[in-house]
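Student: For reference, the structure I am asking about is given below.
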Amino acid sequence: MLQGWIVVLVALAYILLLFVIASYGDKVAKTRVKKTRGRPLIYALSLSVYCTSWTFFGSVGSASRNGFEFIAIYLGPILMFAFGYPLILRVIQLAKAEKITSVADFIAARYGKNPMVGAIVTLIAFIGMIPYIALQLKALDLSVGTIVLHPLLSLDDAEISIFGDETLMIAIFMAVFTWLFGTRHIDATEHQEGLMLSIATEAVVKLVAFLAIGIWVTFMLFDGPWDLLHASFANTNSSQDLFTNINASKWAVITLLSLFSIVLLPRQFHVTVTEYNSEAELKRATWLFPSYLIAINLFVVPIALAGLTILGNTVDPDMFVLALPRAYDADWLTLLVFIGGLSAATAMVIVTTVALSIMVSNDLVMPIILRRRSEDEIISTSGEDMSQLVLGIRRMSIFLVILGSYVYYRVAGDSAALSSIGLLSFAAIAQFAPSFIGGLIWRRANARGAIASMLAGFTVWFYTLLLPVFARENIFGATILNNGPFGIEILKPEALLYLDVDPFVHGVLWSLVAGLVFYVAFSLTRQPTAIERIQANTFVPTGITQAPALRKLRTTITVGDLQATISRYVGEERTQRSFDTYAAEHRITIDSKEEADAVILRFSEQLLASAIGSASARLVLSLLLKRRDPGTQEAIKLLDDATEAIQYNRDLLQIALDQVRQGISVYDKDLRLICWNRQYREMLMLPAKFGQVGTSLEEMIRHIAEAGEFGDGASMKSSAFACTTSSIGRRLIRSIW
Numbered sequence: 006m007l008q009g010w011i012v013v014l015v016a017l018a019y020i021l022l023l024f025v026i027a028s029y030g031d032k033v034a035k036t037r038v039k040k041t042r043g044r045p046l047i048y049a050l051s052l053s054v055y056c057t058s059w060t061f062f063g064s065v066g067s068a069s070r071n072g073f074e075f076i077a078i079y080l081g082p083i084l085m086f087a088f089g090y091p092l093i094l095r096v097i098q099l100a101k102a103e104k105i106t107s108v109a110d111f112i113a114a115r116y117g118k119n120p121m122v123g124a125i126v127t128l129i130a131f132i133g134m135i136p137y138i139a140l141q142l143k144a145l146d147l148s149v150g151t152i153v154l155h156p157l158l159s160l161d162d163a164e165i166s167i168f169g170d171e172t173l174m175i176a177i178f179m180a181v182f183t184w185l186f187g188t189r190h191i192d193a194t195e196h197q198e199g200l201m202l203s204i205a206t207e208a209v210v211k212l213v214a215f216l217a218i219g220i221w222v223t224f225m226l227f228d229g230p231w232d233l234l235h236a237s238f239a240n241t242n243s244s245q246d247l248f249t250n251i252n253a254s255k256w257a258v259i260t261l262l263s264l265f266s267i268v269l270l271p272r273q274f275h276v277t278v279t280e281y282n283s284e285a286e287l288k289r290a291t292w293l294f295p296s297y298l299i300a301i302n303l304f305v306v307p308i309a310l311a312g313l314t315i316l317g318n319t320v321d322p323d324m325f326v327l328a329l330p331r332a333y334d335a336d337w338l339t340l341l342v343f344i345g346g347l348s349a350a351t352a353m354v355i356v357t358t359v360a361l362s363i364m365v366s367n368d369l370v371m372p373i374i375l376r377r378r379s380e381d382e383i384i385s386t387s388g389e390d391m392s393q394l395v396l397g398i399r400r401m402s403i404f405l406v407i408l409g410s411y412v413y414y415r416v417a418g419d420s421a422a423l424s425s426i427g428l429l430s431f432a433a434i435a436q437f438a439p440s441f442i443g444g445l446i447w448r449r450a451n452a453r454g455a456i457a458s459m460l461a462g463f464t465v466w467f468y469t470l471l472l473p474v475f476a477r478e479n480i481f482g483a484t485i486l487n488n489g490p491f492g493i494e495i496l497k498p499e500a501l502l503y504l505d506v507d508p509f510v511h512g513v514l515w516s517l518v519a520g521l522v523f524y525v526a527f528s529l530t531r532q533p534t535a536i537e538r539i540q541a542n543t544f545v546p547t548g549i550t551q552a553p554a555l556r557k558l559r560t561t562i563t564v565g566d567l568q569a570t571i572s573r574y575v576g577e578e579r580t581q582r583s584f585d586t587y588a589a590e591h592r593i594t595i596d597s598k599e600e601a602d603a604v605i606l607r608f609s610e611q612l613l614a615s616a617i618g619s620a621s622a623r624l625v626l627s628l629l630l631k632r633r634d635p636g637t638q639e640a641i642k643l644l645d646d647a648t649e650a651i652q653y654n655r656d657l658l659q660i661a662l663d664q665v666r667q668g669i670s671v672y673d674k675d676l677r678l679i680c681w682n683r684q685y686r687e688m689l690m691l692p693a694k695f696g697q698v699g700t701s702l703e704e705m706i707r708h709i710a711e712a713g714e715f716g717d718g719a720s721m722k723s724s725a726f727a728c729t730t731s732s733i734g735r736r737l738i739r740s741i742w
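Our numbering puts the first residue of the sequence shown at 6, with every later residue one more than the last.
Have a look at this one:
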């Protein structure tokens, strides 16, 4: 018989184990010069943070209630990683080039680094993620109650909490873990190696636990799949529930939402984009992550059938995974499954709170703080250390997010199934889709359209999806659901304009339509500003545009001024290290007394953006420029001209190269690739990974030799002679010289 104290002790011991793993990961990352070994596997496994307690517990519950509807949650991510590789890689490359730290920063950067855009994205994400984190807390609470109480008791009794606030205790430990390992660096673009290792470990734990319960149910409770099917079909309720409760329209809508969410969820953006290190990681993820999703769902249907057959309506279907081994006194398996569910919940809570804390500090709080301070306070070289303030904001945000989620769970979380809570958050995050996707394909879009789109979509989401949840809890009163506001039936939250469809489908469709219409309509009300055009040139692939004005590229700001200002926000050590690295990569000497050119200004803005976000970085630098160049608009124009000049020259060179039929490449004095065209890689049959700045000629020759182009078994020692004699070698030499 499992006692309650054992369950809580196991949970706390597991979280302490995560502390050890994360500490080890950080220690290894500091001592290892090259961090690529094993990183692709860790990266791919960490993407499974998508599989929360909704997956571990809720998928079985969803299958028990709605049949195969649960598959739609995973179909979107599988399709995205199977066929959307170019899109994901493009988003990552844009984020790395712009030093983007979050989905809020990404959308704000696209629309002219507009602080209002970033703030709205952050607020929507914060409100939308509160129910999702509450879902994890509910799953933990239910799982403890299911283990401690016998599962064959009535459903109402099984939901009684034995320890009162044991869920809050676990949540506090998760907050402390996130505080320690998720906010170690002021630069949000730096990799959290310890955190990633712990998340990857949890991915393995929850997969092993779910496969273990699936195998136990299928081959120990029953004599294999056919015996289980026979028993379930003999039980009319279980077979009808699983194979007939399929809503095609809802299935399609959930697939669409999951397609959006795999990129737009704050935690997924953080893991996929911010923690990205090399293309090898993404290539590994394109097959490993979909395989993981398939593996963790292999036994969802068998467990659901077994739960309906054996337990029926005596237990919450969301807890079938725990209730089945508990009913047969399989204590060790019960604890393993509990740890698996705990892994699924903690991974989601930790990464989500890290991502939200960065968004809150960079896109919500810091812009407010900067605008409330005097210009001298912002750009003074002898003021307070702002980096500690930024870290403090992030750490306070972590506790605020978890506290808000706990309050939501206690107020409104008891009435809904796990899958319903998760879908509510998916729908909220989907309101970013018009601005996010439109920003990648439509140059005419601007910040006004993005703001209007997100506000309209979120308002409809709140009215049609979140309001009914509170209404059923009698927080706003249930009459609005039946009669509409002020008795206006045409405005009923779940039947706008008398549209009679599934309430969830109804809310998602109306919110997305509203967002799309407002996005297009308001974008057309004005022309994009200069900075919006510049950012559109970066985010939307197009041909050559009008040459930028270069008249304002001179300034009296020195490199030392930039370093002194940036060090207040990033830290002196990090600032100096970044400038030293920049100088080494570009083979230049940086003198702190020399005037900053356009390239240095651009680099400084990106470095600052990695700590406080693109909107705040733009404000700080514009104020610094204003001190030397009179007129705020002129200072901002200087930043715009610098950015546009660099972008224009790069685009002009690339377009010119692509128009040439011959393969062309340019190498530096160390024979490292500087620029190239598409025909060059095609001519030498080189894969995409060789189309990167800094790739050495030696790596290319080695690849060609291993491909057998210099003859069978050609080694690097013989490749020099073979290179001069083979046809491909002669082509390579011509491309170099």
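Each residue gets a CB set at the ideal place from its N, CA and C atoms; glycine is no exception.
Suppose the cutoff is 8 Å on Cβ atoms and the five residues either side in sequence are ignored; what does the same chain contact list for Gly346 look like?
Tutor: Numbered from its first residue, the sequence shown carries residue 346 at position 341. So the qualifying residues of the chain are Ser58, Phe61, Phe62, Ala144, Leu145, Ser148, Lys211, Ala214, Val326 and Leu327.
Student: May I have the straight-line CA-CA distance separating Ala476 from Thr469, to the nearest angstrom?
Tutor: Within the sequence shown, numbered from 1, the residue matching residue 476 stands at position 471. Within the sequence shown, numbered from 1, the residue matching residue 469 stands at position 464. Going from the Cα of Ala476 to the Cα of Thr469 covers about 11 Å.
Student: Does DSSP classify Leu157 as helix, strand or coil?
Tutor: Start at 1 with the first residue of the sequence shown, and residue 157 comes out as number 152. Confidence is the limiting factor: at Leu157 the pLDDT is only 48, short of 50, which leaves the residue's position unreliable, though a coordinate-based value still follows. Note: Leu157 maps to coil in three-state DSSP.
Student: With DSSP as the reference, label Ser362 as helix, strand or coil.
Tutor: Counted from its first residue, the sequence shown places residue 362 at position 357. In the structure shown, Ser362 sits in a helix (DSSP, three-state: H, G or I).
Student: How close, in whole Å, do the beta carbons of Leu629 and Thr570 come, if the pair is a contact with beta carbons under 8 Å?
Tutor: Within the sequence shown, numbered from 1, the residue matching residue 629 stands at position 624. Within the sequence shown, numbered from 1, the residue matching residue 570 stands at position 565. That belief holds up - the Cβ atoms of Leu629 and Thr570 are roughly 6 Å apart, short of 8 Å.
Student: DSSP on Glu280, reduced to helix/strand/coil?
Tutor: Within the sequence shown, the letter at position 275 stands for residue 280. Residue state, collapsed to three classes: coil.
Student: With distance defined between alpha-carbon atoms, name the residue in Asp368, Ile220, Trp221 and Tyr685 nearest to Gly668.
Tutor: Position 663 of the sequence shown holds residue 668. The option with the nearest alpha carbon to Gly668 is Tyr685.
Student: With distance defined between alpha-carbon atoms, name the residue in Ile605, Leu52 and Gly123 nearest to Leu202.
Tutor: Mapped onto the sequence shown, residue 202 falls at position 197. Looking at the Cα atoms, Leu52 is the closest of the given residues.
Student: Please list, in chain order, all residues of the same chain as Tyr297 whose beta carbon is under 6 Å from its beta carbon, the five residues on each side excluded.
Tutor: Sequence index remark: in the sequence shown, residue 297 carries index 292 (1-based). Only Ser53 meet the Cβ criterion.
Student: Tell me whether the beta-carbon of Val65 lies closer than 7 Å to the beta-carbon of Ile308.
Tutor: In the sequence shown, residue 65 corresponds to position 60, counting from 1. In the sequence shown, residue 308 corresponds to position 303, counting from 1. Contact flag set, yes.
Student: Secondary structure at Arg378, three-state DSSP: helix, strand or coil?
Tutor: Walking along the sequence shown from the start, residue 378 turns up at place 373. Coil at Arg378, not helix or strand.
Student: Let me make sure I understand the geometry here. Which of Val181, Trp184, Leu361 and Val305 has the alpha-carbon closest to that of Leu233?
Tutor: By one-based count along the sequence shown, residue 233 stands at place 228. With distances taken between Cα atoms, Leu233 lies closest to Val305.
Student: Leaving out five residues on either side along the sequence, give the residues of the same chain with a beta carbon under 6 Å from the beta carbon of Glu610.
Tutor: Locating residue 610 in the sequence shown gives position 605, where the first residue counts as 1. Once the five neighbours on either side are set aside, the close Cβ partners of Glu610 are Ala622 and Leu626.
Student: Would the beta-carbon of Leu82 fall within 7 Å of that of Leu429?
Tutor: Reading the sequence shown from its first residue, position 77 is the one you call residue 82. Reading the sequence shown from its first residue, position 424 is the one you call residue 429. One point to set straight first is that residue 82 is Pro, not Leu, in the sequence displayed. No; because the gap between Cβ atoms is not below 7 Å, this pair is not in contact.
Student: Quick one: what does DSSP say Glu711 is sitting in, helix, strand or coil?
Tutor: Position 706 of the sequence shown holds residue 711. Here Glu711 sits in helix by DSSP.
Student: Does the Cβ-Cβ distance between Tyr79 and Ala455 come in under 7 Å?
Tutor: Position 74 of the sequence shown, counted from the start, is the residue given in the question as residue 79. Position 450 of the sequence shown, counted from the start, is the residue given in the question as residue 455. No, the Cβ-Cβ distance between Tyr79 and Ala455 is not below 7 Å.
Student: Within the continuous alpha helix (DSSP H) that includes Val604, where are the two ends?
Tutor: On the sequence shown, position 599 is the one that residue 604 refers to. That run of the alpha helix (DSSP H) goes Ala603 to Ile617.
Student: Using CA atoms only, rank isn't needed, just tell me which of Ser619, Gly123, Ala27 and Gly427 is closest to Met369.
Tutor: As a first step, residue 369 is located in the sequence shown; it is residue number 364 there, counting from the start. Here residue 369 turns out to be Leu, not Met, going by the sequence shown. The option with the nearest alpha carbon to Leu369 is Gly123.
Student: Using 10 angstroms around the beta-carbon of Ala18, count the other beta-carbons present and answer buried if the total reaches 16, otherwise exposed.
Tutor: In the sequence shown, residue 18 corresponds to position 13, counting from 1. The residue is exposed, with fewer than 16 neighbouring Cβ atoms inside 10 Å.
Student: Could you give the distance in angstroms between the alpha-carbon of Ala500 and the alpha-carbon of Ile493?
Tutor: Along the sequence shown, one-based indexing puts residue 500 at 495. Along the sequence shown, one-based indexing puts residue 493 at 488. The alpha-carbon atoms of Ala500 and Ile493 are separated by roughly 11 Å.
Student: Decide if Tyr503 is buried, meaning its Cβ has at least 16 other Cβ atoms within 10 Å, or exposed.
Tutor: Position 498 of the sequence shown, counting from 1, holds the residue named residue 503. Classification of Tyr503: exposed, given that the 10 Å Cβ count is below 16.
Student: Helix, strand or coil: which one does DSSP assign to Val671?
Tutor: Translated into positions along the sequence shown, residue 671 becomes position 666. Val671: strand per DSSP, three-state reduction.
Student: For Glu103, count the other beta carbons within 10 Å of its own beta carbon; 16 or more makes it buried, fewer makes it exposed. Which is it?
Tutor: Here residue 103 refers to the residue found at position 98 of the sequence shown. Buried, since its Cβ has 16 or more Cβ neighbours within 10 Å.
Student: Does the stretch 358-376 come close enough to the stretch 124-134 to have 3 or more Cβ pairs within less than 8 Å?
Tutor: Yes: the two stretches touch, three or more of their Cβ pairs being nearer than 8 Å.
Student: Candidates Gly409, Asp602, Asn119 and Val671: which alpha carbon is nearest Gln540's?
Tutor: The residue given as residue 540 occupies position 535 in the sequence shown. Of the candidates Gly409, Asp602, Asn119 and Val671, the one whose C-alpha sits nearest the C-alpha of Gln540 is Asn119.
Student: Leaving out the 5 sequence neighbours to the left and right, which residues in its chain are closer than 8 Å to Ser263 when beta-carbon positions are compared?
Tutor: Walking along the sequence shown from the start, residue 263 turns up at place 258. Taken in chain order, the residues that qualify are Ala77, Ile78, Tyr79, Leu80, Gly81, Pro82 and Phe431.
Student: Name the residue from Val209, Phe509, Leu445 and Gln393 whose alpha carbon lies nearest to the alpha carbon of Ile426.
Tutor: In the sequence shown, the residue the question calls residue 426 occupies position 421. Of the candidates Val209, Phe509, Leu445 and Gln393, the one whose C-alpha sits nearest the C-alpha of Ile426 is Phe509.
Student: I'd like to know whether the C-beta atoms of Phe523 and Ala461 end up nearer to each other than 7 Å.
Tutor: Here residue 523 refers to the residue found at position 518 when the sequence shown is read from its first residue. Here residue 461 refers to the residue found at position 456 when the sequence shown is read from its first residue. In this structure, Ala461 lies closer than 7 Å to Phe523 by Cβ.
Student: Could you tell me whether the stretch 92-101 touches the stretch 511-527, where touching means 3 or more Cβ pairs closer than 8 Å?
Tutor: No, the stretch 92-101 does not touch the stretch 511-527.
Student: In whole angstroms, what is the alpha-carbon distance linking Thr339 and Ile152?
Tutor: Translated into the one-based positions of the sequence shown, residue 339 becomes position 334. Translated into the one-based positions of the sequence shown, residue 152 becomes position 147. For Thr339 and Ile152, the distance between alpha carbons rounds to 8 Å.
Student: Tell me which same chain residues have a C-beta within less than 7 Å of the C-beta of Leu270, skipping the five on either side of it?
Tutor: The residue labelled residue 270 in the question sits at position 265 within the sequence shown. The answer, listed in chain order, is Ile434.
Student: With H, G and I counted as helix, E and B as strand and the rest as coil, what does DSSP make of Trp447?
Tutor: As a first step, residue 447 must be located in the sequence shown, where it is residue number 442. The answer is coil: DSSP assigns Trp447 none of H, G, I, E or B.
Student: For Leu303, which residues in the same chain have their Cβ closer than 8 Å to its Cβ, ignoring the five residues on either side in sequence?
Tutor: Locating residue 303 in the sequence shown gives position 298, counting from the first residue. So the qualifying residues of the chain are Leu216 and Gly219.
Student: In whole angstroms, what is the alpha-carbon distance linking Tyr48 and Ala87?
Tutor: What you label residue 48 is simply residue 43 of the sequence shown in a count that begins at 1. What you label residue 87 is simply residue 82 of the sequence shown in a count that begins at 1. Distance between the alpha carbons of Tyr48 and Ala87 is about 17 Å.
Student: With DSSP as the reference, identify every bridge partner of Trp681, one or two as the case may be.
Tutor: Along the sequence shown, one-based indexing puts residue 681 at 676. Note: Trp681 sits in a beta bridge opposite Ser670.
Student: So what does Thr563 bridge to, in DSSP terms?
Tutor: Position 558 of the sequence shown, counted from the start, is the residue given in the question as residue 563. Paired residues: Glu600.
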